[in-house]
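Here's the structure we're looking at; comments come further down.
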DNA sequence: CCATCTTTGTGCACGCGTTCACAAAGACAT
DNA sequence: ATGTCTTTGTGAACGCGTGCACAAAGATGG
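Chains as they are written, first to last, in the numbering used here: chain C, 2 to 282; chain Y, 2 to 282.
Right, dumping it as structure tokens:
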């Protein structure tokens, strides 16, 4: 109010909280849907419901962008779509390269969501010579050797890594060296990049494990006791540690309850620590 | 109702912070790698580096699980692998169904990370009759009609949705009705589920948009704050939509911005609000 | 058995994000 | 105009997560 939004109260450019940025795409999607139905305006309440968030949170989020609503009425859909798009930088064209054209890479290449929001697949790159030239999603796959050239020619600043874990860091380094400053990583590895480069990761395995955790917790609650406490700490890590000896089998200590599946496959090995996010191509 | 379910009241005595749970899989991966190299023990500092987190944070995270370390030495790798696996519920078998066998669904089915951590693909389901019986990743695709039966027969409690956005909610409802209580959603839609059901979403488009935002900001800083204050406020929402403004602001930044001269592009269409996460099968 | 050195476990403070609750702003009817 | 009603925008409180800094625990060496 006082400041209203006169001279971008500093809350502006640098201000938008990360959490808010992460939700803008969500609002944008909901708004786009409304726009297609020719809905002229929406209240924070309605839009919040559509986006699956709290209305107060939504209003606060929008407040970081400026005062784009009208009290007593709501927000103008079209206008808001434009404002958010602009804020997210979707009004410009973002050429993207996808490295690693395995199952996942191909799926990404075909993903319609790319093109629909200002993202353009500038090239598909794979290390397998057999893939070179092969068309995927209408685009001919190019060999890794061309990577630097492709990045430069197309002014690519966003790269998507869908290679096996083992190749991810190397690919990442090359992308960064070539000028890419934002990376979306699908490989199950922690990438190290220099300052100034953003990395976001999407990890299937992790998501499933988190679900498993909650699932287990739910199951435990239902049936009387999670027991946890029992084996919790008492399991005397003291003797189990034996550094030099490195007790070969850690399993024996906590008998724990018999798992439903009983499949104590625990000892899986996976040749490379963690399986690639996608087939090696 | 609402998008329901997110965090519980937190009254949980055995309450491991959500943020910690989300990192456990990360630690587990790093530990598994060490285990394969037969490294007996590791310090919080080393492990933290491998997992890409702060060592203090790692120690605090582990403290929620109990005191599994030895001062002056570090943590016993094997023992910790076991403890975390147990905590995450990975010592048991989790049958999973994947619904929507398009490009993405197929990629997921082939994803090695599934089997390697106690997750077992119990079935692949698709609505397209043409897909039925077709083997994907060594498993015959089954028709949606069988969904309920499959869930029941296999005791599935985790479902993965990789269908187009339009079918997601319906599939979700059926999964939940059939007994699934955890869902990993790849479709670009907000799913509403009853309380007690957990939903985690993986949204490609959103990740890219977030990257674009930062990318834009970075570009803007380089050249000297573009600052879109231009079309800032009141400008009658109605006509303001005409993105003539676009030209004014972010022009000089993007290295490429091959955007069509006619900034009017803004209205990129995207017929269905948001394209499916994967090709329709 | 004692001294020293290493590394964990955690108390504490800080900052971000969420939520509540309400005054102000505007639409709309009279 | 004026009053009523709706909905925004935001101040303030609260809670979670993060990171610092350090005491305690235990290993190691003499």
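In this text, a Cβ means the ideal position worked out from N, Cα and C, and glycines have one as well.
Keep in mind the model is a prediction, meaning the values are calculated, not measured.
Let me make sure I understand the geometry here. Which of the options has the alpha-carbon closest to that of residue i?
i	options	result
residue 74(Y)	136(Y), 28(Y), 215(Y) and 44(Y)	44(Y)
residue 79(Y)	184(Y), 41(Y) and 128(Y)	41(Y)
residue 183(C)	157(C), 83(C), 208(C) and 168(C)	157(C)
residue 106(Y)	23(Y), 138(Y), 90(Y) and 179(Y)	138(Y)
residue 206(Y)	152(C), 35(C), 91(C) and 180(C)	91(C)
residue 302(Y)	24(Y), 153(Y), 180(Y) and 175(Y)	Not covered by the structure: residue 302(Y). The range shown for chain Y is 2 to 282.
residue 89(C)	210(C), 27(C) and 46(C)	27(C)
residue 37(Y)	68(Y), 82(Y) and 57(Y)	82(Y)
residue 124(C)	172(C), 97(C), 190(C) and 181(C)	97(C)
residue 113(Y)	209(C), 192(C) and 213(C)	209(C)
residue 94(C)	213(Y), 219(Y) and 221(Y)	213(Y)
residue 200(C)	129(Y), 53(Y) and 39(Y)	53(Y)
residue 203(Y)	170(Y), 173(Y), 161(Y) and 193(Y)	161(Y)
residue 155(Y)	194(Y), 176(Y) and 128(Y)	176(Y)
residue 129(C)	180(C), 101(C), 63(C) and 58(C)	101(C)
residue 169(Y)	64(Y), 194(Y) and 63(Y)	194(Y)
Buried or exposed: residue i, going by 16 or more other Cβ atoms within 10 Å of its Cβ?
i	result
residue 165(Y)	buried
residue 186(C)	buried
residue 104(C)	buried
residue 77(C)	buried
residue 110(Y)	buried
residue 16(C)	exposed
residue 135(C)	exposed
residue 71(C)	exposed
residue 30(Y)	buried
residue 197(Y)	exposed
residue 117(Y)	buried
residue 146(Y)	exposed
residue 217(Y)	buried
residue 20(C)	exposed
residue 143(Y)	buried
residue 108(Y)	buried
residue 61(Y)	exposed
Are any of the Cβ atoms in chain Y nearer than 7 Å to that of residue i?
i	result
residue 199(C)	yes
residue 214(C)	yes
residue 46(C)	no
residue 292(C)	Absent from the model: residue 292(C). The displayed extent of chain C is 2 to 282, so no value can be given.
residue 90(C)	yes
residue 66(C)	no
residue 150(C)	no
residue 302(C)	Any answer about residue 302(C) is impossible in this case: the structure gives chain C only from 2 up to 282.
residue 194(C)	no
residue 143(C)	no
residue 99(C)	no
residue 272(C)	Residue confidence is low: residue 272(C) scores 33 on pLDDT, short of 50, so the model does not pin down where it sits. Its coordinate-derived value is still stated next. No, residue 272(C) lies away from the interface with chain Y (no Cβ there is under 7 Å from its Cβ).
residue 240(C)	The predicted position of residue 240(C) is uncertain, since its pLDDT is 37 and thus under 50; no value can be drawn from it.
residue 23(C)	yes
residue 74(C)	no
residue 203(C)	yes
Is the CB of residue i under 7 Å away from at least one CB in chain C?
i	result
residue 108(Y)	yes
residue 56(Y)	no
residue 59(Y)	no
residue 50(Y)	no
residue 137(Y)	no
residue 53(Y)	yes
residue 211(Y)	yes
residue 104(Y)	yes
residue 20(Y)	no
residue 207(Y)	yes
Please list the segments of the beta strand (DSSP E) lying wholly inside the segment 84-120 of chain C, counting only runs of 3 or more residues, in order along the chain. 95-100
Which residues, taken in chain order from the segment 158-179 of chain Y, show a beta carbon closer than 7 Å to some beta carbon of chain C? 158 and 159
The segment 111-134 of chain Y: which residues have C-beta closer than 7 Å to a C-beta of chain C, in chain order? 111, 112, 113, 114, 117, 118, 119 and 120
Of the residues that make up the segment 28-42 of chain C, which ones have a beta carbon closer than 7 Å to any beta carbon in chain Y? 30, 33, 34 and 37
Beta strand (DSSP E) segments (min. 3 residues) lying fully within the segment 162-212 of chain Y: 183-186 and 199-202
Which ranges would you report for the alpha helix (DSSP H) in the segment 15-69 of chain Y if only whole runs of at least 4 residues count? 19-37, 45-52 and 56-66
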